[in-house]
Amino acid sequence: MSDKNIIHLTIGPIMTNCWIYQYDDNNAIVIDPGDEADAIISSLEKSGLSLMYILLTHGHFDHIGAVPNLKKKYGNAKIAIHHLDSDYLGRNAYETQSKSAAAALGDASFIDSLWPSGKDGLPPADVLLEDGETIGPFKVLHLPGHTQGSAAFWDKKAGILFTGDTLFKNGYGRTDLPGGSDNDMETSLRRLFDMDGEIVVYPGHGKTTTIGREAR
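71 is the number of the first residue of the sequence shown in my numbering; add one for each residue after it.
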């Protein structure tokens, strides 16, 4: 597996990384579709790929904004998130997202701009993930700290890891938002730094890196 199997889109006003991961000849996984569903759909169609999974490293609005329109377009694609972040989707999503946006941005108006239909704007998850499970080519790593249900997706064979907002190049995600924890983040980072240093990290924001570089 090489970078040619990964399409990178930087989307939305918070410059979130959305990753399209082609794991066989015809099928793809979208990781963290934070906004700009049309751009994501266009990339899939240009590559001739079917969308099988929508994987979410956590539930924050800047990582899931395009989920409703992707689900409308690809009805058979499974939305998956760790069970501890399940309230960011479905019935309780509007309230949960509004609290998160207010804490991050000062008010919740951004949520209304993403989902004008309010409480009906976000579909529920199709799959609730647990640590150690396999979904597609990935092993799920539960890495709380940024949110309670933050997770990473590890393709061991390919040597790549999608870390969301747990680990960036030269940094890590905020712990001062609802569900965040300094202690949990420290434990999660230790877990990552115990992994193979050659693993390539594809984060939720910023440039790619490796486990070894960040561990140093």
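Note that CB positions come from ideal geometry on N, CA and C, so glycine has one too.
Inter-residue CB distance, residue i and residue j (contact presumed, cutoff 8 Å)
i      : j      : result
Tyr272 : Leu231 : 7 Å
Asn97  : Leu119 : 7 Å
Gly243 : His216 : 4 Å
Ser170 : His130 : 6 Å
His212 : Asp196 : Not confirmed; about 18 Å, so no contact.
Ala136 : Pro83  : The pair is not a contact, with the Cβ atoms about 13 Å apart (cut-off 8 Å).
Endpoints, alpha helix (DSSP H) assigned at residue i
i      : result
Met255 : 252-263
Gln167 : 163-175
Pro273 : Run containing Pro273: none in the alpha helix (DSSP H); it sits in the beta strand (DSSP E), 270-273.
Asp132 : 131-134
For residue i, the three-state DSSP class (helix, strand or coil)
i      : result
Ser120 : strand
Ala150 : strand
Asp95  : coil
Ile281 : helix
Asn240 : coil
Asp105 : coil
Leu288 : Since the first and last residues shown for the chain are 71 and 286, residue 288 lies out of range.
Leu211 : strand
Ile84  : coil
Leu140 : helix
Terminal residues of the beta strand (DSSP E) in which residue i lies
i      : result
Leu199 : 197-199
Leu79  : 76-81
Asp182 : Careful: Asp182 lies outside any beta strand (DSSP E), inside the alpha helix (DSSP H) at 179-184.
Asp225 : 221-225
Cβ shell of residue i (< 6 Å), same chain only, five flanking positions each side left out
i      : result
Gly160 : Pro194
Asp225 : Pro207, Phe208
Cut-off 8 Å between Cβ atoms - residues of its own chain near residue i, not counting five sequence neighbours on either side
i      : result
Thr278 : Lys239, Val270, Val271, Tyr272
Burial state of residue i, where buried means 16 or more other Cβ atoms lie within 10 Å
i      : result
Asn146 : exposed
Thr204 : exposed
Same chain only: Cβ atoms within 7 Å of residue i, ignoring 5 sequence neighbours per side
i      : result
Thr245 : Gly215, His216, Ser251, Asp252, Met255
Gly229 : Glu268, Ile269, Val270
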